[in-house]
Amino acid sequence: MEDKGLFGKILAILPGLAVMIGTLYVLRMYVEPWMKDAVVFGRKGWLVQVMSLNYILLSIITGMVYRNILFGGAIPGWAEEGFRTTRLFIKTGVIMLGSLYTFDKLLKVGGVAITLIVAFVFGSVIFVLWLGKRMGADRSVTAAMAAACGVCGVSAAVATAPGVRAKPVDLAMAIATILGFGIMTMFISPFIGKALSLSDYQFGAWVGTGILNSGQVLATCLAFNPVFAPGTAVAYGEIWNVVRVICIPFVVFFITAWYWKGEAEAEHVSLSSVLASKFPIFVIGFVGMTALSSLHVLGAEGSETLQLMREVMAWIFGIGLVGLGAYIDVREIKAAGGIPLRIGLIAGATKYVLALIIILAFIPKEGAF
Amino acid sequence: MSDKNKSLTVFKTDRHEDIAAIVFSGLIVVVVLTYMAFIVPTVNIKVPLDGKLVEIFVTEGSDVAKGDKLYALEIVKKKWVNNEMQEKVVVEEFTAKTSGKILKVSGNSGDDLKKGKHTVVVMDHQKGTLP
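Chains as they are written, first to last, in the numbering used here: chain A, 43 to 411; chain B, 109 to 239.
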């Protein structure tokens, strides 16, 4: 790509970004309020209350419509740079979510979150490595799938791919399988949560454990309960999500070490080098935001200042989720197949169902904060 | 047209994107806090929950200090206790988060108010504090 300079790069971002912001504006200001008042099957607000079609899911659906219908399968050049700010918005939103906690609240649920996440992340990785061997899958494919199914889907698969010599097609297949599974769970989880009368604490813990992609975890929690506040599904789900994101370098190290152990020309991998290159440092921002909240720098709970902060947070996430939808290519997901698809579906479904069973059995409905 | 072969970020690396996200979120916090502390001309205090207005403790023109009672709202509190949802009607008093002068009071006892929609008190807060 030619070097456009900073000003040129910012200009290139504007059209796509304007589409994302404009879309969210229309959805939040007009579509969602209309849906809240619309009477369907004799019930006012059925679309929002029963179908969970709040602005969060609508943002993702609209993004998907843009890419797969309006743009004919690929984001056009004029909008491309803007849509590539998607992850910036989601990461910024995640950092801002740190303001929902204080350190004492994090400590209250941190132990449960760490136990569940570590058990599920490494349990899934070991399960996929075993499953891949049993199905006779290529070791690179197995390694990419283990990363994708174990922790944080796309990020972990991308981070692991070079170390295990995964071909671009292996990586694309792993990502397509995981994203496809994630989209399905994103839409059905709120129904299951409501049908089983899960509390916000249980739902956040389940989704944070069972769904594989950070954006999808957030979207699913907000579809269940769209409120940004302490004690809501998104507040609990995000603790699980952050713990899982922190696991990425450890998982990358584990899988890479497993891969090279089985290769003739073994390559030395050190945990410190993987930690240095793969640690997701935006998590430090999340902790920093929790520190500000713990010091009561951001305003008192219930204050108009915090209300405004959470409103801005909702917009930041919404913009990111329009972009997230636009990165879902239905054709790519359709192309997923063969052994990676089977491994992904078996591992993903097992993790999703097992997490629900464990949550129902061991996590109380009353939240820790 | 295709974005398949391109990076998912506008930044050089994921690390740069992480740093940009930290800077961006910090900037948002600074802007929000500065706006609320120094720029916002008046503060519209809206009800944080759906409920029935029970009483307003302040009058137009009065001065309030941080912690003074502003209004009381009858709300339905939902809480999970022993894995069962318990609903209790309680009257909760809401206080001023900062000192200032009451400019306007709207609403009467018995009014049904919607969360985030109805303003109960309009206040001119002490500059430099977070309302």
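Ideal Cβ placement from N, Cα and C applies to all residues, glycine included.
Only a predicted model underlies this, so the values are computations on that prediction, with no experimental measurement involved.
For residue 170(B), no chain A residue has a C-beta closer than 7 Å to its own C-beta; the minimum C-beta separation is roughly 19 Å. DSSP lists no beta-bridge partner residue for residue 139(A).
Two segments are said to touch when three or more pairs of C-beta atoms, one from each, lie closer than 8 Å; by this definition the region 136 to 148 of chain A does not touch the region 394 to 402 of chain A.
Cα atoms of residue 187(A) and residue 403(A): separation of roughly 29 Å, rounded to the nearest angstrom. Rounded to the nearest angstrom, the Cβ distance from residue 151(B) to residue 231(B) is 5 Å, consistent with a contact under 8 Å. For residue 407(A), the residues of chain B that pass the 7 Å Cβ criterion are 188, 191, in the order they occur in the chain. Within the region 125 to 157 of chain A, the residues whose Cβ lies closer than 7 Å to any Cβ of chain B are, in chain order, 126, 127, 129, 130, 133, 134, 137, 138.
If you draw a 10 Å sphere on the C-beta of residue 72(A), you find fewer than 16 other C-beta atoms in it, and that means exposed. Taking a cut-off of 8 Å for Cβ pairs, the region 360 to 371 of chain A and the region 117 to 137 of chain A touch, as three or more such pairs fall below it. Closest in alpha carbon position to residue 180(B), among 162(B), 170(B), 168(B), 227(B), is 162(B). In the structure shown, residue 244(A) falls within a helical segment according to DSSP collapsed to helix, strand and coil. Beta-bridge annotation (DSSP): residue 180(B) is paired with 163(B), 201(B). Residue 194(B) and residue 186(B) have their C-alpha atoms some 6 Å from each other. Comparing alpha carbon positions, the residue from 211(B), 235(B), 236(B), 219(B) closest to residue 153(B) is 211(B). Within the same chain, and ignoring the five residues on either side of residue 358(A) in sequence, the residues whose Cβ sits closer than 6 Å to its Cβ are 131, 134, 135. For the region 221 to 234 of chain B, the beta-carbon criterion of a distance under 8 Å to any beta-carbon of chain A is satisfied by 224.
When C-beta atoms of the region 208 to 219 of chain A are compared with those of the region 161 to 176 of chain B, fewer than three pairs fall below 8 Å, so the two segments do not count as touching. Separation of the CB atoms of residue 118(B) and residue 123(A) is rounded to 6 Å, and the pair is thereby assigned contact status at 8 Å. Excluding the 5 residues flanking it on each side, residue 297(A) has same chain C-beta neighbours closer than 6 Å at 185, 188, 189, 202, in chain order. Where residue 226(A) is concerned, the enclosing alpha helix (DSSP H) starts and stops at 210 to 237. Here the alpha carbon of residue 313(A) sits roughly 6 Å from the alpha carbon of residue 295(A). With distances taken between CA atoms, residue 205(A) lies nearest to 305(A) out of 254(A), 121(A), 389(A), 305(A). Distance between residue 199(B) and residue 66(A), taken at the CA atoms: about 36 Å.
The region 154 to 163 of chain A and the region 275 to 285 of chain A touch, with no fewer than 3 CB-CB distances between them shorter than 8 Å.
Straight-line measurement puts the Cα of residue 89(A) at about 10 Å from the Cα of residue 83(A). Secondary structure remark: continuous alpha helix (DSSP H) runs of at least 4 residues inside the region 286 to 341 of chain A, in chain order: 290 to 303, 313 to 320, 324 to 336.
Around the CB of residue 52(A), fewer than 16 other CB atoms lie within 10 Å, so the residue is classed as exposed.
Residue 170(A) and residue 203(B) have their C-alpha atoms roughly 54 Å apart. The beta carbons of residue 188(B) and residue 78(A) sit about 26 Å from each other, so the pair does not count as a contact at 8 Å. Under the DSSP assignment, residue 208(B) falls in the beta strand (DSSP E) whose first and last residues are 208 to 213.
Residue 235(A) has its alpha-carbon roughly 19 Å from the corresponding atom of residue 410(A).
One finds 347, 350, 351, 354 in chain A with Cβ atoms closer than 8 Å to the Cβ of residue 140(B), taken in chain order. For the pair residue 241(A) and residue 388(A), the Cα-to-Cα distance works out to about 27 Å. Taking a C-beta distance under 8 Å as the contact criterion, residue 191(A) and residue 166(A) qualify as a contact pair.
Counting along the chain, the unbroken beta strand (DSSP E) around residue 232(B) starts and ends at 227 to 233. Separation of the CB atoms of residue 179(A) and residue 381(A) is rounded to 5 Å, and the pair is thereby assigned contact status at 8 Å.
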